[in-house]
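Protein chains in written order, with the numbering used here: chain A, 33 to 367; chain B, 23 to 305; chain C, 9 to 332.
Ideal Cβ positions, reconstructed from N, Cα and C, are used throughout, including at glycine.
Everything below concerns the one structure shown next.
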């Protein structure tokens, strides 16, 4: 049984916006309970506007205004002890970043300094976390790391714009893995990439995970990518997690109506039958409906769905779903 | 209006609005001035501020309060003419150069850059000396506007250059919209905050330049403006003679005007900034 | 049958660099294809293959370096405004860039109606607009007076299609219309293309790198790689039984939404795209699993194998052998 590495408890992070006098509250992460284990790839699937980017920011402990922690806690398990990271000081936060938990952004160009050679960027990262290393030593460290991951040897001498988009993304991912973090968080790391390049990037991610035996939390709306990479998948809708299960089960037995829609709306290669898509559109996180946020689009809506949000019901050892079709759930009215 | 209410939440706008309102009232009052501002010896000289003469009188024999009202009005007129005319030129030049590109762009920018690089002050001094006889508010305003468009034309041009590459330009083209209407409808909303804030900055600059020219005696001294008042006060040694009311009036009014204009431009351009506007739109 | 669109040996070169050191990149290299009325033709390939450039040239936004484009038998002149002369319309990748964020979306519709004289007065204009909106599944009420950021990506893309339909075009060029839309919403947009073809007789030039939707929606497909068409034919033939090694690579790299069908072998990626463009011979030689010596020096010819056009030395050999 693997150990827990990250845990959230009723996490609520909202954007509190005040624009020229009018106030808006965007409930991006609305009571989320996650339990993530070591040595797994955890996928979070959801469409645009469901709050997944905010969830990742919160997990990475980058909760800066206008995003505020409104309730709940986030725990990292560092060397066996649970640490409540919402209450640590900025210096401790900084140390954790890159060494314990690192972030893979969506666009590699926004991370790599265009006027520095890659080796400089790598040196900067190493230098800010590992003190007392000479320039040669840091360079060798970076070089070794790159080679281990199967990337070409002289890539560090290049400028970012000289590389192809796929190579850049892989270099960025290698950078995120440089200090052997226990958790790597990726926000749509393959979305803007071509299909062959995407495959190469996913390959690299799996390589890294295999070598470091760490945890990768990956967010993407592409279920195909999740199918290829994730061990467990959580489905997110309107700021809440509505279903969580091992990958095979999500695809074989999707239980939440939204999950069913998601899977059925994907084109199956080789199948020309007409496929529908999810009717309607996701609610605005600033203006959520009462009760279960999916009820306006759900074909199985009942009275109770309009009034309150169900808790998680365990339908199988590792499969849980938050839907009134399955009952009230463990945690009472809130999930 | 909703816009004004939103703007009033910003205290800078509120303060500057009040100050400007005050100055505007002074300017309007000037239409009721009991004394002809161009004459001298209308009232007893060098009197301290009292109940009859609110801000005292100067060595020319003029009531300083009414002089000040006229001065504010004239300075505002000059700066408005300078600002508005130079905006119009800047928009025309910037949009044509930005959208057309090619040799049209090069020629226009050449003229603009020339005006930016040549030391304005010397040329203004020369021009002022030449047109001294015909100098009035409008002439001065136009002179100032001639030098004020080059910088903003370039800024608007770069804005247009970047907007031209945006996808919605293609949509407008596919909708059959002609070039002029396209540039006006699509790009002006982006240019508006730019134009507005630079208008106010330009007005500030124009007032400053006018004061400088006036202190050097290069404008028509008979027309009361903030600059000419300062000039007279300095020439008649107002500080040495202790006639503080005469020198302080134009100085305080100028400072108030500059600060108010600055705050106004900053608060309005923040309000109109496309990025914050996009957030607000549809909210 | 009259060809709606015919592209013949189209080439587009760009020169980059300064006065001293210029390099010419051939973005589109002598490609030829045609389109029939009421069909969906896909130009597929990864970024940098030249498909978007081809679209721009066909649309008249860019000028071809050489080659001929014919619409309904009429030769297209340089930078001809084919949206006015031939009624060709286009939709683009990012729905949020397609419309000016500071203007309401309906302004573009009204302008189109006015510029193309599609209605006599305001009432008629609204009727015309409403008709097209209904065709894409949007109601006039939820559309009127709104800014782009009040819609979702999928809705906005459908509105973009409605705008393109206003002039009743016979050819719609769709440049990566679903790549910025969530995977679950892509079907609704791509289903629209089918509807346009079947109910309105519109042909769609569908440009994409997503082979899954390409298979689902198109009739014929051409695979492009670094400026060349390497395989072209009916979508069944090309995608179900790919002949060119690159097509095979593309097809195998589609992530299937089925954990049983995970990738088993690894893939090599190109390091520097620039180098691949400048290759003599076949541009895929650097990564091709079936590469032969002649691939690095000689450009393969286009040959037809079972109604599919393939550009690969492997088939040249086989055909040559068969002829002997």
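Is it a yes or a no for the segment 47 to 57 of chain C touching the segment 226 to 244 of chain C, going by three-plus beta-carbon pairs under 8 Å? A contact exists between the segment 47 to 57 of chain C and the segment 226 to 244 of chain C.
With distances taken Cα to Cα, identify the nearest neighbour of residue 251 of chain C among C/205, C/218, C/299, C/316. Ranking C/205, C/218, C/299, C/316 by Cα distance to residue 251 of chain C puts C/316 first.
Within chain B, the residues that residue 85 of chain C reaches when beta carbons sit closer than 7 Å: Near residue 85 of chain C there are no residues of chain B at all, since even the closest Cβ is about 17 Å away, more than 7 Å.
8 Å is my cut-off, CB to CB: does residue 156 of chain C come that close to chain A? Under the Cβ distance rule, residue 156 of chain C does not count among the residues neighbouring chain A, no pair being separated by less than 8 Å.
Identity of the residue in C/45, C/299, C/263 nearest residue 225 of chain A by Cα: If you compare the alpha carbons of C/45, C/299, C/263 with that of residue 225 of chain A, the shortest gap goes to C/263.
Using a C-beta to C-beta distance shorter than 7 Å, which residues of chain A count as neighbours of residue 264 of chain C? Neighbours of residue 264 of chain C on chain A, chain order: 256, 259, 301.
Determine the closest residue to residue 108 of chain A out of A/102, A/35, A/198, A/54, with distance taken between C-alpha atoms. The shortest Cα separation from residue 108 of chain A among A/102, A/35, A/198, A/54 belongs to A/35.
With 8 Å as the C-beta to C-beta threshold (strictly closer), list the residues of the segment 279 to 300 of chain A near chain C in chain order. Residues 279, 280, 283, 293, 294, 295, 297, 298, 299, 300.
When the distance is taken between beta carbons, is residue 77 of chain A closer than 8 Å to residue 351 of chain A? No.
Range of the contiguous alpha helix (DSSP H) that encloses residue 270 of chain B: Run containing residue 270 of chain B: 266 to 294, per the alpha helix (DSSP H) assignment.
Given a threshold of 16 other Cβ atoms within 10 Å of its Cβ, counted over all protein chains shown, does residue 332 of chain C qualify as buried or as exposed? Caution is warranted here: a pLDDT of 48 is assigned to residue 332 of chain C, below 50, making its placement in the model unreliable, and no coordinate value can be reported.
Local conformation of residue 75 of chain A per DSSP, three classes: The answer is strand: DSSP assigns residue 75 of chain A an E or B state.
Give me the Cα-Cα distance between residue 254 of chain C and residue 109 of chain B, rounded to the nearest whole angstrom. Cα to Cα, the separation comes out at about 57 Å.
Would you call the CB atoms of residue 99 of chain A and residue 154 of chain A closer than 8 Å? Their beta carbons are not under 8 Å apart, which means residue 99 of chain A does not touch residue 154 of chain A by this criterion.
In the DSSP assignment, find the unbroken alpha helix (DSSP H) run with residue 138 of chain C in it and report its ends. Per DSSP, the unbroken alpha helix (DSSP H) holding residue 138 of chain C starts and ends at 130 to 144.
As a quick exercise: from B/136, B/24, B/86, pick the residue whose alpha carbon is nearest that of residue 73 of chain B. For residue 73 of chain B, the nearest C-alpha among the options comes from B/86.
Span of the beta strand (DSSP E) holding residue 101 of chain A? Per DSSP, residue 101 of chain A belongs to the beta strand (DSSP E) from 99 to 110.
Going along chain B, which residues have a C-beta under 9 Å from residue 119 of chain C? In chain order, 194, 197, 198, 199, 203, 207 make up the part of chain B whose C-beta sits under 9 Å from the C-beta of residue 119 of chain C.
Where residue 40 of chain B falls, given that 16 or more other Cβ within 10 Å makes a residue buried: It counts as exposed.
Please compile the residues from chain B whose C-beta is within a distance smaller than 9 Å of the C-beta of residue 124 of chain C. Under the 9 Å cutoff, chain B gives 197, 198.
Residue 143 of chain A (DSSP reduced to helix, strand or coil): Here DSSP, grouped into helix, strand and coil, assigns residue 143 of chain A to coil.
So which of A/239, A/293, A/274, A/339 has the shortest CA-CA distance to residue 71 of chain A? The shortest CA-to-CA distance from residue 71 of chain A to any of A/239, A/293, A/274, A/339 is the one to A/239.
Could you name the residues of chain A that residue 258 of chain C contacts, counting a contact when the two beta carbons are closer than 8 Å? Near residue 258 of chain C (Cβ distances below 8 Å), the residues of chain A are 227, 228.
Can you confirm whether residue 192 of chain C, when its beta carbon is compared against all beta carbons of chain A, has any partner nearer than 8 Å? At least one beta carbon of chain A lies nearer than 8 Å to the beta carbon of residue 192 of chain C.
In angstroms with no decimal places, state the Cα-to-Cα distance between residue 280 of chain A and residue 267 of chain C. About 6 Å.
Excluding sequence positions up to five away, which residues of its chain have a Cβ less than 6 Å from the Cβ of residue 10 of chain B? Since the first residue shown for chain B is 23 and the last is 305, residue 10 of chain B is missing from the structure and cannot be characterised.
Proximity to residue 184 of chain B [Cα-Cα], best of B/205, B/51, B/96: Relative to residue 184 of chain B, the option among B/205, B/51, B/96 whose CA is nearest is B/205.
Assign residue 113 of chain B to one of three DSSP states: helix, strand, or coil. For residue 113 of chain B, the three-state secondary structure derived from DSSP is helix.
Bounding residues of the alpha helix (DSSP H) (the contiguous stretch that carries residue 135 of chain B): For residue 135 of chain B, the enclosing alpha helix (DSSP H) has its first and last residue at 124 to 139.
What's the gap between the Cα of residue 248 of chain A and the Cα of residue 211 of chain A? C-alpha separation (whole angstroms): 14 Å.
Please report whether the beta-carbon of residue 367 of chain A lies at a distance below 8 Å from any beta-carbon of chain C. The predicted model places residue 367 of chain A with a pLDDT of 39, which falls under 50 and marks its position as unreliable; any figure quoted below should be read in that light. Chain C contact via Cβ: absent.
With DSSP run on the structure shown, which of helix, strand or coil describes residue 47 of chain B? In the displayed model, residue 47 of chain B falls within a helix according to three-state DSSP.
In chain order, what residues of the same chain have a beta carbon less than 7 Å from the beta carbon of residue 240 of chain B, not counting five sequence neighbours either side? Cβ-Cβ distances below 7 Å link residue 240 of chain B to 147, 150, 151 in the same chain, with the five nearest sequence neighbours on each side left out; the list follows chain order.
Which residues of chain A have a Cβ atom closer than 7 Å to the Cβ of residue 161 of chain C, listed in chain order? Per Cβ cutoff of 7 Å: 80.
Same chain, Cβ closer than 8 Å to residue 83 of chain C, five either side skipped, listed in chain order: Taken in chain order, the residues that qualify are 76, 77.
Helix, strand or coil, according to DSSP, for residue 341 of chain A in the structure here? Of the three classes helix, strand and coil, the one that applies to residue 341 of chain A here is coil, per DSSP.
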